[in-house]
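Undergrad: Residue numbers (the working numbering): 2 to 217. Here it is, the structure, as structure tokens.
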Ligand SMILES: Nc1ncnc2c1ncn2[C@@H]1O[C@H](COP(=O)(O)OP(=O)(O)OP(=O)(O)O)[C@@H](O)[C@H]1O
Ligand SMILES: [Mg+2]
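Structural data, given as structure tokens:
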């Protein structure tokens with residue numbers, strides 16, 4: 002499903018963020034990506050959705066080399082992904098409910114069924130009460146929940162989550178972990194970057210541990 006073939010990334014300032022990453026992720030797998038700050042987790046995740054190009058090697062998703070896709074095909078691939086960005090990337094001038102429904106707006110599929118799905122998801126995360134507020138009125142953890150709802154609401158084939166529990170209390174973090182885990186059981190491929198040792202201890206699947214840009 003997702004293949005990293007000898008992938009390296011050097012940033013413009015000569016920082017070697019990833020070195021010779023070889024990793025193969027199967028459909029329906031739940032993969033933790035871990036490693037200390039600066040180890041390369043976000044860099045690795047960004048390559049799956051074409052947010053960054055490798056300096057060397059290639060990333061293959063669903064049979065296509067990501068950085069060779071036309072912008073149209075890349076957009077189509079991204080439609081199959083739910084992404085929780087480390088910095089959330091919420092739209093600050095849109096209400097909470099509009100943020101969660103954003104994928105449906107973009108696809109022109111904001112029908113009653115999808116509105117209902119969004120409502121259910123927001124109630125699960127206890128943010129329905131904020132639906133008409135702007136995100137800046139919410140706490141960091143609540144904003145993170147908005148970003149998580151937006152990623153999960155479309156039941157994507159691939160879920161990419163960069164520290165999705167970084168701002169959450171332990172109970173909420175465990176609930177979020179469980180929701181991603183269940184998504185994997187329903188067939189989604191989940192790539193979940195975290196430092197959270199407790200969540201790692203709950204996980205029985207594969208862990209990709211990065212150490213200064215290399216797979217440990
Ligand atoms: N845009 C950039 N330009 C230059 N260097 C960068 C850039 N983004 C990241 N880096 C560097 O690449 C390395 C890996 O960064 P990355 O963000 O992938 O780490 P991370 O494991 O996600 O860290 P964290 O746990 O703090 O989120 C770091 O040394 C970082 O300083
Ligand atoms: Mg990061």
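Idealized CB from N, CA, C, for every residue including glycine.
Taking only runs that begin and end inside the region 78 to 144, name each unbroken alpha helix (DSSP H) of 4 or more residues, in chain order.
TA: Listed in chain order, the complete alpha helix (DSSP H) runs (minimum 4 residues) inside the region 78 to 144 are 97 to 101, 103 to 108 and 113 to 125.
Undergrad: Output the residue ranges of the alpha helix (DSSP H) runs that lie fully inside the region 141 to 183 and measure 4 residues or longer, sorted by chain position.
TA: Segments of the alpha helix (DSSP H) lying fully in the region 141 to 183: 141 to 153.
Undergrad: Measuring CB atoms only, is the region 64 to 73 touching the region 113 to 126, in the sense that at least three cross pairs come out at less than 8 Å?
TA: Contact fails: fewer than three Cβ-Cβ distances are below 8 Å.
Undergrad: Would residue 165 and residue 101 qualify as a contact pair, given that the criterion is a beta-carbon distance under 8 Å?
TA: No; because the gap between Cβ atoms is not below 8 Å, this pair is not in contact.
Undergrad: Within this structure, are the beta carbons of residue 190 and residue 29 separated by less than 8 Å?
TA: Yes. Within cutoff.
Undergrad: Whole angstroms is fine: what's the gap from residue 172's alpha carbon to residue 3's?
TA: Distance between the alpha carbons of residue 172 and residue 3: 31 Å.
Undergrad: What three-state label does DSSP hand residue 53 in the structure shown?
TA: Three-state DSSP puts residue 53 in coil, outside helix and strand.
Undergrad: Could you give the distance in angstroms between the alpha-carbon of residue 53 and the alpha-carbon of residue 42?
TA: Answer to the nearest angstrom: the Cα atoms are 13 Å apart.
Undergrad: Can you pull the DSSP bridge partners for residue 6?
TA: Answer is 59.
Undergrad: Skipping 5 residues on each side, what residues in its chain have a beta carbon closer than 8 Å to that of residue 103?
TA: Excluding residues within five positions, the ones whose Cβ falls inside 8 Å are 92, 95 and 151.
Undergrad: Using the three-state DSSP reduction, which class does residue 190 fall into: helix, strand or coil?
TA: Note: residue 190 maps to strand in three-state DSSP.
Undergrad: Using a 10 Å radius around the Cβ and a threshold of 16 neighbouring Cβ atoms, would you call residue 162 buried or exposed?
TA: Classification for residue 162: buried.
Undergrad: Evaluate the contact criterion for the region 54 to 62 versus the region 7 to 25: three or more CB pairs, one atom per stretch, below 8 Å.
TA: Verdict: yes, contact present.
Undergrad: Please report the residue range of the alpha helix (DSSP H) in which residue 198 lies.
TA: Residue 198 -> alpha helix (DSSP H) spans 198 to 203.
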